[in-house]
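Below is one structure, written out as structure tokens; comments come after it.
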Amino acid sequence: MAVFTFLGPEGTFTEAALLKVPGAREARRLPATNVNAALDAVRAGEADAAMVPIENSVEGGVTATLDAISTGPELRIVREEVIPITFVLVARPGTRVADVRRISTHGHAWAQCRGWASAHAPDAVHLAASSTAAGALALLEDAAKPGDAAICAPIVAEEHPELEVLATDIGDNPGAVTRFILVSRPAALPARTGADKTTVAVPLPEDRPGALMEILEQFAARGVNLSRIESRPTGQYLGHYFFSIDVDGHAHDARVADALGGLHRISPEIRFLGSYPRADGARPVVKSHVTDDAFAAARGWVDGILGGTGVG
Ligand SMILES: O=C(O)C(=O)C[C@]1(C(=O)O)C=C[C@@H](O)C=C1
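Numbering (full-length UniProt numbering), first residue to last: 1 to 312.
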């Protein structure tokens, strides 16, 4: 039986993303306390795959995930899921919003409800929790104090009637979504669907003026669209960065494979993080000079020259 791990405990948005994966409801599901623990369980062979958050439409990249998949033993993204995000404020019964002094939740959730909190509970401070569900479940423990509340997914309140919902739909941006990735150990790539994404982590070569431009040129010259690019410090020393990049297309697309080769020449430490189907099924527009056929024809022409026929 397949074993999946995820940023837990039960009731996180990450669990909701995992439950969308075919077979996950029937599989063994192991909640992890943080993103690193989930990824390490996959690396150690304790789980076949881990679901972790990577990007929120309001707060941006989940840096814990971007950094953890880009370093350490190699992993591969095999799937993505996008989940609409709505939040509720919960507390022990009898608490009023005006009484709330501490709101426990995940940093990304707090960032999405900051406006609501300053308007409705201006005296409340944020207490960081490892996930939204972890923050809410802590309210049920003996250590919880009057004035404690948590921001979490509505499912946590549905599953725990001991918690009272003080306010619903408290996110500042209606329509917020979070993107999650399913990560496994390196294996054969998921099949190309025509609506795929490829993720790489590219360290920026140092002492090379224009290196970022050279990296971007590899995509531009081959008509490959980027859907996300963000810089992250490598953590080695100040001023040393890598770029986390998502591109439209699969490593089996000739234009993407060619671009990856170009990137490797510029930045040999590049890390390939996977080619996988896009959650929205959107197909990229591929210009006629960068189709697989165009690359094959060009290769044939060069081979003809090298083979001495001189005919393409
Ligand atoms: O804490 C959770 O429930 C999570 O799944 C994590 C997470 C995140 O990392 O962004 C997921 C979705 C929401 O944006 C808030 C928190």
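Where is the CB? At the ideal position from N, CA and C, for every residue including glycine. Note that the structure is a prediction, hence the values are computed from the model and not measured.
- Listed as beta-bridge partners of Leu216 by DSSP are no residues whatsoever.
- Here the C-alpha atom of Ile85 lies approximately 12 angstroms from the C-alpha atom of Phe180.
- Between Cys113 and Asp169, the beta carbon gap of about 10 angstroms keeps them out of contact (Cβ cut-off 8 angstroms).
- Within the same chain, and ignoring the five residues on either side of Gly107 in sequence, the residues whose Cβ sits closer than 7 angstroms to its Cβ are Ala128.
- Looking at the backbone, the Cα of Val202 and that of Ala221 are separated by about 18 angstroms.
- The DSSP-derived three-state label of Thr86 is coil.
- Taking the Cβ of Val183 as the reference point, every heavy atom of ligand 1 lies at 7 angstroms or farther away.
- A distance of 8 angstroms or more separates the beta carbons of Ala150 and Arg92.
- According to DSSP, residue pairing for Lys20 in a beta bridge does not occur.
- Measuring C-alpha to C-alpha distances from Phe272 to each of Ile69, His120 and Asp123 identifies Ile69 as the nearest.
- If you check the CB distance, Ala133 and Thr5 do not come in under 8 angstroms.
- Uninterrupted alpha helix (DSSP H) stretches at least 4 residues long and entirely within the stretch 119-177 occur at 132-137 and 154-159, given in chain order.
- Its chain contains Phe6 and Gly8 as the residues whose beta carbon lies nearer than 7 angstroms to that of Glu15, once the 5 sequence neighbours on both sides are disregarded; these appear in chain order.
- Residues of the same chain with a CB within less than 7 angstroms of the CB of Gly115, apart from the 5 flanking positions on each side, are Asp172 in chain order.
- Counting only runs of at least 4 residues, the UniProt domain "ACT" (200-277) fully encloses the following alpha helix (DSSP H) elements, listed from N- to C-terminal order: 211-220 and 254-266.
- By the Cβ criterion, the stretch 239-255 is in contact with the stretch 192-207, since at least three pairs of Cβ atoms, one from each stretch, lie closer than 8 angstroms.
- Around the Cβ of Met1, a 10 Å sphere holds fewer than 16 other Cβ atoms; the residue is exposed.
- Counting every other CB atom within 10 Å of its CB across the protein chains shown gives Gly274 a total of 16 or more, marking it as buried.
- In this structure, Pro53 has its CB closer than 7 angstroms to one or more heavy atoms of ligand 1.
- DSSP places Ala68 in the uninterrupted alpha helix (DSSP H) bounded by Thr63 to Ser70.
- The three-state reading of DSSP puts Ala2 in coil, since its state is none of H, G, I, E or B.
- Set against 7 angstroms, the gap from the CB of His108 to the closest heavy atom of ligand 1 is smaller.
- Asn56: not part of any alpha helix (DSSP H); member of the beta strand (DSSP E) spanning Ala49 to Asn56, first to last residue.
- A direct Cα-Cα distance of roughly 16 angstroms separates Gly147 from Glu162.
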